[in-house]
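**Student:** If you count the sequence shown from 1, you need to add 154 to reach the numbering used here.
Just so it is clear, CB atoms sit at the ideal spot from N, CA and C, and this is done for glycine as well.
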Amino acid sequence: MVTDNLSYPIGEYKPRESISKEQKDEWIQALEKVPAKLMQAVEGMTDSQLDTPYRDGGWTVRQVVHHLADSHMNGYIRFKLSLTEETPAIRPYDEKAWSELKDSKTAEPSGSLALLQELHGRWTALLRTLTDQQFQRGFYHPDTKEIMTLENALGLYVWHSHHHIAHITELSKRMGGLNAFADGKPED
155 MVTDNLSYPI GEYKPRESIS KEQKDEWIQA LEKVPAKLMQ AVEGMTDSQL DTPYRDGGWT
215 VRQVVHHLAD SHMNGYIRFK LSLTEETPAI RPYDEKAWSE LKDSKTAEPS GSLALLQELH
275 GRWTALLRTL TDQQFQRGFY HPDTKEIMTL ENALGLYVWH SHHHIAHITE LSKRMGGLNA
335 FADGKPED
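1. Runs of 3 residues minimum, wholly inside the segment 249–325: which ones carry the beta strand (DSSP E) assignment?
2. Considering only residues of the same chain and omitting the five flanking positions on each side of Y311, which have a CB-CB separation below 7 Å?
3. Return the chain-ordered ranges of every alpha helix (DSSP H) run that is complete within the segment 162–207 and spans a minimum of 4 residues.
4. What is the DSSP secondary structure of T102, counted as helix, strand or coil?
5. Cα separation between K220 and S258?
6. In angstroms with no decimal places, state the Cα-to-Cα distance between E249 and D286.
7. What whole-angstrom Cβ distance do E216 and L160 have, given they're in contact under 8 Å?
8. When burial is assigned at 16 or more other CB atoms within 10 Å of the CB, is A243 buried or exposed?
9. Contact defined as beta carbons within less than 8 Å: I believe A307 pairs with R245. What is the distance between those atoms, to the nearest angstrom?
10. From E176 to E324, what does the alpha carbon distance come to, in whole angstroms?
11. Can you name, in chain order, every residue of its own chain whose Cβ lies under 8 Å from the Cβ of T303, other than the five neighbours on each side?
12. Examine the Cβ distances between the segment 160–175 and the segment 269–285 and report whether three or more of them are shorter than 8 Å.
13. L204 to I301, Cα distance in whole Å?
14. For S266, collect the residues of the same chain with a Cβ closer than 6 Å to its Cβ; drop the 5 residues on either side in sequence, then sort them by chain order.
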């Protein structure tokens, strides 16, 4: 579902009370496809297009690509910590400050795209080994002051991926269709 809201084109994330094995399997498959979907979304973009914000006051396409790599590296580590420690308190990071670093504004997207390809391969390999009991483990987020289970974190990172890919594809549509998905959704 794509909305007219430029900040939340697929809506806001809503954690679920109950998550089936089938839903987790679907999310793992979706997470595995994220790097290819993101590559497809930015393929052929010029530097000028990569440096276009997806909305007034928003990040550029280039910053979004680098943000996904930054965020998902942190996500993978949060999963590993949660599986090896008892409800660890994760270390938050300032995503806005990270996106303002020069590399986020100038580096070619190819490095982050390659990183995401390898990271998601490793992450989904890990996820496929988890039992239902392991998916109930979680981490404490000091900013939200809540514990998030790994199964809900999986849903969040899939949503996060589709959220930012939709920022790019919706911008592409508004720019005249470059690399836009036919139905405006980053899913199959």
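**Tutor:** With the structure as the only source:
1. 292–295 and 300–303
2. In the sequence shown, the residue the question calls residue 311 occupies position 157. Within the same chain, Y311 has close Cβ partners L185, H226 and G229.
3. Scanning the segment 162–207 for uninterrupted alpha helix (DSSP H) segments of 4 residues or longer gives 175–196 and 201–204, listed from N- to C-terminal end.
4. In the structure as shown, the chain begins at 155 and stops at 342. Residue 102 is therefore absent and cannot be evaluated.
5. On the sequence shown, position 66 is the one that residue 220 refers to. On the sequence shown, position 104 is the one that residue 258 refers to. Strictly speaking, residue 220 in this sequence is His, with Lys absent from that position. Those two C-alpha atoms are separated by around 6 Å.
6. In the sequence shown, the residue the question calls residue 249 occupies position 95. In the sequence shown, the residue the question calls residue 286 occupies position 132. Answer to the nearest angstrom: the Cα atoms are 31 Å apart.
7. Stepping through the sequence shown from its first residue, residue 216 is reached at position 62. Stepping through the sequence shown from its first residue, residue 160 is reached at position 6. Looking at the sequence provided, one finds Arg at residue 216 rather than Glu. At roughly 18 Å, the Cβ-Cβ gap does not stay under 8 Å, so R216 and L160 are not in contact.
8. Locating residue 243 in the sequence shown gives position 89, counting from the first residue. With fewer than 16 other Cβ atoms within 10 Å, it is exposed.
9. For the purposes of this step, residue 307 is taken as residue 153 along the sequence shown, with counting starting at 1. For the purposes of this step, residue 245 is taken as residue 91 along the sequence shown, with counting starting at 1. With 8 Å as the limit, A307 and R245 do not qualify as a contact, their Cβ atoms being about 15 Å apart.
10. As a working mapping, residue 176 is identified with position 22 in the sequence shown. As a working mapping, residue 324 is identified with position 170 in the sequence shown. Rounded to the nearest angstrom, the two C-alpha atoms are 29 Å apart.
11. In the sequence shown, the residue the question calls residue 303 occupies position 149. The beta carbon of T303 is closer than 8 Å to those of F289, Q290, R291 and G292 in its chain, skipping five residues each way along the sequence.
12. no
13. Within the sequence shown, residue 204 is the residue found at index 50, counting from 1. Within the sequence shown, residue 301 is the residue found at index 147, counting from 1. Taking the straight line from one Cα to the other gives about 36 Å.
14. Here residue 266 is taken as the residue at index 112 of the sequence shown, counted from 1. If we look at S266 and ignore the five residues flanking it on each side, its Cβ neighbours are V219, H220 and A223.
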